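Chemist: Take the sequence shown: its letters are residues 4 to 268, numbered as in the numbering used here.
Using N, Cα and C, we set each Cβ at its ideal position, and we do this for glycine too.
What you are looking at is a predicted structure, and each value in this text was computed from that prediction instead of being measured.
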Amino acid sequence: MAVNQSLISLAGFSLASFSLTTLLGGLPAQGQMSSGGAIEPQITAGVTFEPPGDETLKNSQGGATRDSGYCPIDSSTDSVNSARSVVPLMPKNRADGLTVSDRPAFFMYVSSGSAEQIFFTLKDQNEDYYYQKTVSVPEGASIVSVQLPEDAPPLEVGKNYQWTFVVACQMPVRPDSPIVTGWVTRVTPDSVGLNLNSTRHRVNATPSLEMAQLYGSAGVWFDALTTLALLRDQEPENYTAVWKEFLASVGLEAIASEPLMLDQN
4 MAVNQSLISL
14 AGFSLASFSL
24 TTLLGGLPAQ
34 GQMSSGGAIE
44 PQITAGVTFE
54 PPGDETLKNS
64 QGGATRDSGY
74 CPIDSSTDSV
84 NSARSVVPLM
94 PKNRADGLTV
104 SDRPAFFMYV
114 SSGSAEQIFF
124 TLKDQNEDYY
134 YQKTVSVPEG
144 ASIVSVQLPE
154 DAPPLEVGKN
164 YQWTFVVACQ
174 MPVRPDSPIV
184 TGWVTRVTPD
194 SVGLNLNSTR
204 HRVNATPSLE
214 MAQLYGSAGV
224 WFDALTTLAL
234 LRDQEPENYT
244 AVWKEFLASV
254 GLEAIASEPL
264 MLDQN
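Right, here's the structure in full:
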């Protein structure tokens with residue numbers, strides 16, 4: 004894990020402008036009658052993540068660092084993760100994940116008052132690809148995201164990329180600053196058994212619960228997570244419970260109820 008190299012380059016960050024803006028369409032769901040006679044949606048189906056076989060991730064390296072330190076202020080807070088400033092949204096005991104997107108999103112939990120600045124980097128094993136961004140610091144404990152923008156180079160199919168979040172408790176960044184890191188591999192839908200030929204199942208189609216379920220059953224972690232995050236953000240009354248259940252199923256129940264702050268830059 005090339006942590007020192009990532010830290011050295013943090014000072015030269017330039018902000019990229021992009022958004023996770025996506026319009027959500029209607030979803031088939033069971034319903035119940037409201038007092039006014041209208042049918043209110045009631046989402047009952049969940050999303051299950053089936054980890055991919057080791058052969059799918061055979062070239063991945065490194066690990067997701069979960070206990071890399073904490074900011075001093077965290078030790079005196081009541082945060083559910085007071086001993087950890089940062090937690091990557093990755094399945095328990097997994098350091099790497101798949102995506103079928105050319106520009107996926109990455110998620111991390113940051114505890115209340117722990118960060119003065121947050122930095123994100125993404126690079127391939129040879130550092131031919133390199134992207135970096137300063138992440139907006141939430142006012143309280145939150146799950147934050149970084150969505151690769153359209154002007155970022157697309158990920159190549161079959162290549163592994165290392166992502167890293169660094170939390171600066173104080174500026175400048177210190178060698179002992181909390182860090183989480185892991186790997187993402189872009190794959191083709193066919194290689195993981197995904198049939199995305201129909202219009203509503205295309206990679207860039209409107210997010211839906213059905214798409215999240217397809218991604219989850221195929222072991223495509225980053226896209227299942229991103230799809231559910233978008234649904235929860237747009238329709239919290241319908242999808243917050245599904246989101247919590249999904250995170251709890253992979254060992255992230257401690258942060259499943261935390262606010263979600265999607266990348267809007």
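Helix or strand or just coil, what does DSSP make of F249?
Modeler: helix
Chemist: Within the continuous beta strand (DSSP E) that includes Q120, where are the two ends?
Modeler: Q120: member of the beta strand (DSSP E) spanning 120-127, first to last residue.
Chemist: Could you tell me the alpha carbon to alpha carbon distance between F225 and V195, rounded to whole angstroms?
Modeler: 14 Å
Chemist: With contact counted as at least three CB pairs below 8 Å, one residue from each stretch, are the stretch 137-155 and the stretch 101-115 in contact?
Modeler: Under the three-pair Cβ rule at 8 Å, the stretch 137-155 counts as touching the stretch 101-115.
Chemist: Apart from the five residues on each side of it in sequence, which residues of its chain come closer than 6 Å, Cβ to Cβ, to A259?
Modeler: Correct list, in chain order: K247, L250, A251.
Chemist: CA-CA distance, E159 and T191?
Modeler: 10 Å
Chemist: How about T188 and G100: are their beta carbons less than 9 Å apart?
Modeler: yes
Chemist: Do N96 and Q128 come within 9 Å of each other at the CB atom, strictly closer than that value?
Modeler: no
Chemist: Out of L217, V183, N198, E240, which one is the CA nearest neighbour of F109?
Modeler: V183
Chemist: Beta-carbon within less than 6 Å of S148's beta-carbon, same chain only, minus the 5 sequence neighbours each way: which residues are those?
Modeler: A108, F110, L265, D266
Chemist: Determine, using beta carbons only, whether A174 and E240 come nearer to each other than 9 Å.
Modeler: According to the sequence displayed, residue 174 carries Met and not Ala. In this structure, M174 keeps its C-beta atom at 9 Å or more from the C-beta atom of E240.
Chemist: What residues in its chain sit with their C-beta under 6 Å from that of E53, if we drop five residues either side in the sequence?
Modeler: S220, G222
Chemist: Determine which residues share a DSSP beta bridge with F168 and list them.
Modeler: F168 pairs with F123, V183.
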